[in-house]
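Engineer: Here you go, one structure.
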Amino acid sequence: MLGMVHLVSVHLRHLPHVREIRQAFCKTAFLGLLGTKGAVSLRFTLYDQSFCFINSHFAAHAEYTEYRNSVSLQEVDAKPQSLLIEYIKENSWVKLLQAYLGAYGLVKLRSIRMLGMVHLVSVHLRHLPHVREIRQAFCKTAFLGLLGTKGAVSLRFTLYDQSFCFINSHFAAHAEYTEYRNSDGLCVYVVSNYKTYSWDWIGLYRVGFHHIWDYEMYEWAVGDGDEYGENGCAVLFDCLPEEPGHYVMAYYSYKMEAIISVSEAFELLQSKDAKLSFIDFKEGPLVFKPTYKYNPGSSDWDTESGKYRKPAWTDRVLWREKPEKADTAQLITYKSHDQYMTSDHRPVSALLSLDLPDSALKIEDPIDWKMDLMSMPWYGNEDGLCVYVVSNYKTYSWDWIGLYRVGFHHIWDYEMYEWAVGDGDEYGENGCAVLFDCLPEEPGHYVMAYYSYKMEAIISVSEAFEILPPRDEDKDPVDVQVEQPEQSTENV
């Protein structure tokens, strides 16, 4: 503040435990308009102990003593607004693929798009209520990380308390870019007891850095989640620094405005002897022909582009398991599909079988649908009473129950929905009642699904039931005989 400088530093080993950093200043010269006199302060907590350092410079001489004691500080917390970009309509490829998968009972979990990359993950309806902690992320690697034509998109979730992560990666092609592809660094971490934020980031620092903004590079952390499971989150550092040495990674919390965790120091080598990527990943045997590059619409190798690219297996499916869960996934088939000749690539598919422990499959359903109390059957254009009991789940006021036609493709494909009864744990044996007003006219088989706002997932699906056609409203009402009063013959 003009002639006043205030510097506060902490040792690196204490840095992750600093919280609630706030600064303020107060001008006292010239009726509070000039900063030549006054005070600057910096307050923070360290190991949950509050500290405040104040640097004050007030007017001298005894006649200004009263003015010196009239100091007050005020903090204003202003946060920038974030711009949310949504697609106007669903991607046509996602719509087409999901229509095919939906015929086999698969429901779209989430789809991600990064320019030319589309990532779709679907699960079978019977597994849908057991999906939790759905998180998605993307990393751009083209044009210094500013363009998304190259890079990776990922979707992570837990199913029966087992963590899964699907990554769709598209990196620079051709042999001369091998070193560039291998120069990226994958940071994997697990978050616990902390509510992440979409503006959190992870910085790569050289050991001995002087300030939190002295990072060599940074990447946005995966936001909006509490627990990420044992396999953690993945963030890709694109094109690591050339200079070798010892580095650390630090997690910066946007909401706390502080670094909350620092990794152990590690060494960044100048060159990689093996030039390997996807370490510890597995792949099936390549028993099919190279998948690139073909003349579109034919089975001939590249003769039309003028570049005469060498045939290569550029389209691959790999998987990785934790050491303690080795051989959990078994490869059933791994093949290319030469009958699809629309592109200059040939699509590749892999079918894997997962061996999950019996304990993972024995998860109690938090919603008990009382079908016997719902006055079945239901009829179109009439009201339907949904009765259910909640157990071992903390409801939320934004939870809702959707009515879906059997074979629906996405959680937003409901025919109608009603808000669930919120704010409670146990509802007793009589359960809760939600009224569906004016059921769909079209008859068929339907299910009800309970959507948890906090978990961002469907946590329970009822058994299928039938909605019958509307009753005949044109049928004459039952004749009611009204007895007429007898007329008196006596003269009054």
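Residue numbers (UniProt numbering): 1 to 492.
Note that the Cβ used here is the ideal one computed from N, Cα and C, for glycine as well.
Does the stretch 439 to 448 come into contact with the stretch 392 to 399, if we say contact requires no fewer than three beta-carbon pairs (one atom in each stretch) closer than 8 Å?
Structural biologist: No contact exists between the stretch 439 to 448 and the stretch 392 to 399.
Engineer: With distance defined between alpha-carbon atoms, name the residue in 472, 289, 295 and 330 nearest to residue 312.
Structural biologist: Closest by alpha carbon: 289.
Engineer: With C-beta atoms as the reference, is residue 108 less than 8 Å away from residue 445?
Structural biologist: Cβ atoms of residue 108 and residue 445: not closer than 8 Å.
Engineer: For the beta strand (DSSP E) holding residue 92, just list the boundary residues, first then last.
Structural biologist: Here residue 92 belongs to no beta strand (DSSP E); instead the alpha helix (DSSP H) covers 92 to 102.
Engineer: Across which residues does DSSP place residue 368 in a beta bridge pair?
Structural biologist: The partner list for residue 368 (beta bridge, DSSP) reads 389.
Engineer: Measure the alpha-carbon distance for residue 332 versus residue 208 and round it to whole angstroms.
Structural biologist: Near 50 Å, if we compare the C-alpha coordinates of residue 208 and residue 332.
Engineer: Would you grab the beta carbon distance between residue 266 and residue 320 for me? Rounded to a whole angstrom, and I think it's under 8 Å.
Structural biologist: About 20 Å; that fails the 8 Å criterion.
Engineer: For residue 355, which residues in the same chain have their Cβ closer than 6 Å to its Cβ, ignoring the five residues on either side in sequence?
Structural biologist: Closer than 6 Å at Cβ, skipping near neighbours: 328.
Engineer: Using a Cβ-Cβ cutoff of less than 8 Å, which residues in the same chain neighbour residue 341 once the five nearest sequence positions on both sides are dropped?
Structural biologist: Excluding positions up to five away in sequence, the list reads 294, 296, 297, 298 and 299.
Engineer: Whose C-alpha, out of 158, 167, 251 and 130, is nearest the C-alpha of residue 119?
Structural biologist: Selected option, being the one with the closest Cα: 167.
Engineer: Among residues of its own chain, excluding the 5 on either side of residue 344, which ones have a beta-carbon nearer than 6 Å to its beta-carbon?
Structural biologist: So the qualifying residues of the chain are 293, 294 and 296.
Engineer: When you compare the stretch 240 to 259 with the stretch 152 to 171, are there three or more beta-carbon pairs, one atom per stretch, that lie closer than 8 Å?
Structural biologist: Result no; under three Cβ-Cβ pairs closer than 8 Å.
Engineer: For residue 459 and residue 129, what's the separation of their Cα atoms in angstroms?
Structural biologist: When rounded, the distance between both Cα atoms is 4 Å.
Engineer: To which residues of the same chain is residue 23 closer than 6 Å at the C-beta, ignoring the five residues directly before and after it?
Structural biologist: 42, listed in sequence order.
Engineer: Below 8 Å, how does it come out for the stretch 371 to 389 and the stretch 463 to 471: are there three or more Cβ pairs, yes or no?
Structural biologist: Yes: at least three Cβ pairs fall under 8 Å.
Engineer: DSSP three-state label for residue 17, please.
Structural biologist: Correct three-state label for residue 17: helix.
Engineer: Rounded C-beta distance between residue 386 and residue 374? I'm assuming under 8 Å.
Structural biologist: 6 Å between Cβ atoms; contact.
Engineer: Between which residues of its own chain and residue 366 is the CB-CB distance below 7 Å, once the five residues before and five after are set aside?
Structural biologist: 390, 391, 392, 393, 459 and 460.
Engineer: State the start and end residues of the unbroken beta strand (DSSP E) segment that holds residue 220.
Structural biologist: Run containing residue 220: 217 to 220, per the beta strand (DSSP E) assignment.
Engineer: Tell me the DSSP secondary structure of residue 325 in three-state form.
Structural biologist: Helix, per DSSP.
Engineer: If you reduce the DSSP assignment to three classes, tell me which class residue 130 lands in.
Structural biologist: Helix, per DSSP.
Engineer: With which residues is residue 333 paired in a DSSP beta bridge?
Structural biologist: DSSP output for residue 333 lists 351 as bridge partner(s).
Engineer: What are the partner residues of residue 458, as DSSP defines its beta bridges?
Structural biologist: Paired residues: 451.
Engineer: So which of 127, 308, 150 and 370 has the shortest CA-CA distance to residue 363?
Structural biologist: Comparing Cα-Cα distances from residue 363 to each of 127, 308, 150 and 370, the minimum goes to 127.
Engineer: If we require 3 or more residues per run, which beta strand (DSSP E) segments fall completely within the stretch 281 to 312?
Structural biologist: For the stretch 281 to 312, not a single whole beta strand (DSSP E) run of length 3 or above is found.
Engineer: Given a cut-off of 8 Å, decide if residue 447 and residue 432 are closer than it, judged by their beta-carbon atoms.
Structural biologist: Their beta carbons are not under 8 Å apart, which means residue 432 does not touch residue 447 by this criterion.
Engineer: So, are the CB atoms of residue 131 and residue 457 less than 8 Å apart?
Structural biologist: Contact flag set, yes.
Engineer: Please identify the residue among 96, 136, 210 and 204 whose C-alpha is closest to the C-alpha of residue 8.
Structural biologist: That would be 210, whose Cα lies nearest to the Cα of residue 8.
Engineer: Is it right to say residue 419 is buried, meaning 16 or more other beta carbons lie within 10 angstroms of its own, or is it exposed?
Structural biologist: Its Cβ having fewer than 16 others within 10 Å, residue 419 is exposed.
Engineer: Just to confirm before moving on: does the CB-CB distance between residue 202 and residue 155 stay below 8 Å?
Structural biologist: Cβ atoms of residue 202 and residue 155: not closer than 8 Å.
Engineer: Using a threshold of 8 Å, state whether the C-beta atoms of residue 46 and residue 5 are closer than that.
Structural biologist: Contact: no.
Engineer: Quick check: the Cα distance between residue 306 and residue 346, rounded to an integer number of angstroms?
Structural biologist: Approximately 20 Å, taken between the alpha carbons.
Engineer: With DSSP as the reference, label residue 373 as helix, strand or coil.
Structural biologist: Three-state result, residue 373: helix.
Engineer: What does the alpha-carbon distance come out to for the pair residue 122 and residue 452?
Structural biologist: Cα-Cα distance, rounded: 18 Å.
Engineer: Going by CA-CA distance only, name the one from 96, 169, 102 and 349 that's closest to residue 116.
Structural biologist: Here the closest residue by C-alpha is 169.
Engineer: Between residue 348 and residue 316, is the Cβ-Cβ spacing less than 8 Å?
Structural biologist: In this structure, residue 316 lies closer than 8 Å to residue 348 by Cβ.
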